[in-house]
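Report on one structure; see the data block that follows.
Number of protein chains: 2
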Amino acid sequence: MTTKTHTDRYEIRLAGEGGQGMILAGIILAEAAAIYDGKNACQTQVYGPEARGGASKAEVVIAQGEIDHPEVITADALVAMSQEACDKYGSNLKKDGFLIVDEEKVGRVPSSRAIKVPITRLAQESSGKAITANVVALGVLVGLTDVVSRAAIEKAVSARAPKGTEAMNKAALEAGFTAADLISKKDE
Amino acid sequence: MTTKTHTDRYEIRLAGEGGQGMILAGIILAEAAAIYDGKNACQTQVYGPEARGGASKAEVVIAQGEIDHPEVITADALVAMSQEACDKYGSNLKKDGFLIVDEEKVGRVPSSRAIKVPITRLAQESSGKAITANVVALGVLVGLTDVVSRAAIEKAVSARAPKGTEAMNKAALEAGFTAADLISKKDE
Numbered sequence: 000m001t002t003k004t005h006t007d008r009y010e011i012r013l014a015g016e017g018g019q020g021m022i023l024a025g026i027i028l029a030e031a032a033a034i035y036d037g038k039n040a041c042q043t044q045v046y047g048p049e050a051r052g053g054a055s056k057a058e059v060v061i062a063q064g065e066i067d068h069p070e071v072i073t074a075d076a077l078v079a080m081s082q083e084a085c086d087k088y089g090s091n092l093k094k095d096g097f098l099i100v101d102e103e104k105v106g107r108v109p110s111s112r113a114i115k116v117p118i119t120r121l122a123q124e125s126s127g128k129a130i131t132a133n134v135v136a137l138g139v140l141v142g143l144t145d146v147v148s149r150a151a152i153e154k155a156v157s158a159r160a161p162k163g164t165e166a167m168n169k170a171a172l173e174a175g176f177t178a179a180d181l182i183s184k185k186d187e
Numbered sequence: 000m001t002t003k004t005h006t007d008r009y010e011i012r013l014a015g016e017g018g019q020g021m022i023l024a025g026i027i028l029a030e031a032a033a034i035y036d037g038k039n040a041c042q043t044q045v046y047g048p049e050a051r052g053g054a055s056k057a058e059v060v061i062a063q064g065e066i067d068h069p070e071v072i073t074a075d076a077l078v079a080m081s082q083e084a085c086d087k088y089g090s091n092l093k094k095d096g097f098l099i100v101d102e103e104k105v106g107r108v109p110s111s112r113a114i115k116v117p118i119t120r121l122a123q124e125s126s127g128k129a130i131t132a133n134v135v136a137l138g139v140l141v142g143l144t145d146v147v148s149r150a151a152i153e154k155a156v157s158a159r160a161p162k163g164t165e166a167m168n169k170a171a172l173e174a175g176f177t178a179a180d181l182i183s184k185k186d187e
């Protein structure tokens with residue numbers, strides 16, 4: 000697998016359960032793109048009846064130019080942190096899209112191209128807190144796709160980290176980058 | 000001024016400076032509508048070059064039915080927490096729309112119908128922390144517009160409050176409700 004450089008519209012879904020911080024992850028990714036990489040970004044949550052079931056989904060669209068339509072049409076990348084999220088959105092992915100799943104939470108994947116990463120376990124191991132799984136997921140996503148620069152996502156994570164948790168969140172992000180590097184190497 | 004009950008699409012902009020928590024306020028409002036009031040809601044941030052200047056804006060669309068277009072077209076309500084936000088979005092408001100401004104931050108308003116509330120001061124007085132201004136703003140907005148129920152916004156604020164800050168955020172929300180009640184009375 001080779002990384003890609005995006006000059007055009009790039010659509011990302013981050014999906015999981017309430018409490019996994021996927022909405023915050025979406026905000027951080029959009030801020031990385033817009034504030035630190037100088038691109039345009041839209042970040043949307045659409046809530047419907049499913050919000051009451053505890054599902055949580057953020058969408059981010061990043062582009063060099065103007066963004067006409069703020070929602071994902073067909074995703075370039077999906078991060079699925081629950082089986083429900085993978086079942087629901089796993090098929091709405093471009094042919095060469097990235098499907099990244101937390102392998103301890105998602106047993107069934109719709110494609111052999113799915114990239115299985117123990118995201119929540121890496122969060123626990125790197126930062127001591129499973130709650131940083133959303134930041135590990137951002138590290139894996141950015142490490143594999145280059146949709147924003149690593150420097151930009153580092154700054155965006157740091158700016159949104161609650162006081163006193165900066166080091167923990169940095170460690171989680173690095174763990175995500177390292178996992179992405181290992182996956183990229185394996186594929187060369 | 001009488002409060003309104005909305006059965007149809009209702010569009011809200013929350014705008015201010017980075018760090019005032021307007022994006023989080025948008026998420027809380029959307030969650031109040033979708034999770035606790037059983038409506039549909041979309042919450043969007045659109046970032047462009049202005050994000051680098053420190054401006055921050057969240058848009059929330061709430062409806063009983065499906066939401067086709069997730070962004071605000073012409074706002075039913077604007078909360079402006081900075082002069083820049085008021086200047087930029089103050090004119091994009093429906094005729095009977097609500098323009099709510101933090102009166103200590105916004106000196107010039109585009110309409111005599113603007114509702115001036117010392118939002119940040121109320122935050123400081125009620126909770127001891129100016130950082131709860133976003134929650135006071137939600138209290139004022141919901142108290143005046145009834146776009147979601149008071150019970151729903153209470154639950155949504157509580158669910159998003161960091162551990163240990165629940166009481167502080169509840170106090171801020173109550174201060175917003177009280178301000179709205181005073182304003183409504185004055186107009187009767």
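Sequence lines, in order, name chains X and F.
Per numbering that gives the first Met the number 0, the very first residue in the first sequence carries number 0; after that it's consecutive.
Per numbering that gives the first Met the number 0, the very first residue in the second sequence carries number 0; after that it's consecutive.
All C-beta atoms, glycine included, are put in the ideal place defined by N, C-alpha and C.
Predicted model only: the values in this text are computed from it and were never measured.
With 16 other Cβ atoms within 10 Å as the buried cut-off, status of residue i
| i | result |
| --- | --- |
| P161 (chain X) | exposed |
| A31 (chain F) | buried |
| D101 (chain F) | buried |
| L140 (chain F) | buried |
| S111 (chain F) | exposed |
| G64 (chain X) | exposed |
| L143 (chain X) | buried |
| L181 (chain F) | exposed |
Cβ shell of residue i (< 7 Å), same chain only, five flanking positions each side left out
| i | result |
| --- | --- |
| A24 (chain F) | L13, A57, N133, A136, L137 |
| T131 (chain X) | A122, M167, N168, A171 |
| T177 (chain X) | none |
| S115 (chain F) | According to the sequence as given, residue 115 (chain F) is Lys; it is not Ser. Correct list, in chain order: V100, E102. |
| P109 (chain F) | G89, S90 |
| R120 (chain F) | E103 |
| A113 (chain F) | L98, V100 |
| I22 (chain F) | Q44, S55, A57 |
For residue i, the nearest candidate out of the options (CA to CA)
| i | options | result |
| --- | --- | --- |
| I66 (chain F) | F:Y88, F:M21, F:T43 | F:T43 |
| G17 (chain X) | X:A79, X:A171, X:A29 | X:A79 |
| D75 (chain F) | F:E124, F:E83, F:Y88, F:S81 | F:Y88 |
| Q82 (chain X) | X:V156, X:G53, X:V59 | X:G53 |
| K94 (chain X) | X:A50, X:T73, X:V116, X:E124 | X:T73 |
| S148 (chain X) | X:Q19, X:K38, X:R8, X:E124 | X:K38 |
| G190 (chain X) | F:E153, F:P69, F:R159 | There is simply no residue 190 (chain X) to check, as chain X begins at 0 and stops at 187 in what is shown. |
| E173 (chain X) | X:R8, X:V105, X:E124, X:V45 | X:E124 |
| T164 (chain X) | X:R8, X:Q63, X:K128 | X:K128 |
| A179 (chain X) | X:V156, X:I22, X:S157, X:P117 | X:P117 |
| Y9 (chain F) | F:H68, F:R107, F:A113, F:K185 | F:H68 |
Cutoff 6 Å; reference residue i; Cβ partners in own chain excluding five residues on either side
| i | result |
| --- | --- |
| A151 (chain F) | A31, Y35, D36 |
| L77 (chain F) | R12, Y88, L92, L98 |
| S126 (chain X) | M167, A170, A171 |
| A40 (chain X) | A29, A32, A33, I61 |
| K154 (chain F) | Y35 |
| C85 (chain X) | A79, V100, V105 |
| D7 (chain F) | none |
| K185 (chain F) | none |
| A50 (chain F) | none |
| G47 (chain F) | none |
Those residues which DSSP pairs with residue i across a bridge
| i | result |
| --- | --- |
| Y9 (chain X) | X:I61 |
| L92 (chain X) | X:A74 |
| Q44 (chain X) | F:Q42 |
| N98 (chain X) | Going by the sequence as given, residue 98 (chain X) is Leu instead of Asn. Looking at the DSSP assignment, L98 (chain X) forms a beta bridge with X:L77. |
| E16 (chain F) | F:A54 |
| V116 (chain X) | X:D101 |
Same chain, Cβ closer than 8 Å to residue i, neighbours up to 5 away in sequence not counted
| i | result |
| --- | --- |
| I26 (chain X) | Q42, A57, R159 |
| V45 (chain X) | K56, E58, E70 |
| S157 (chain X) | E165, N168, K169 |
| R107 (chain F) | Q82, C85, D86 |
(message) In chain order, what are the residue ranges of uninterrupted beta strand (DSSP E) at least 3 long that sit wholly in the region 114 to 179 of chain F?
(response) If we require 3 residues or more, the beta strand (DSSP E) runs fully inside the region 114 to 179 of chain F come out as 114 to 116.
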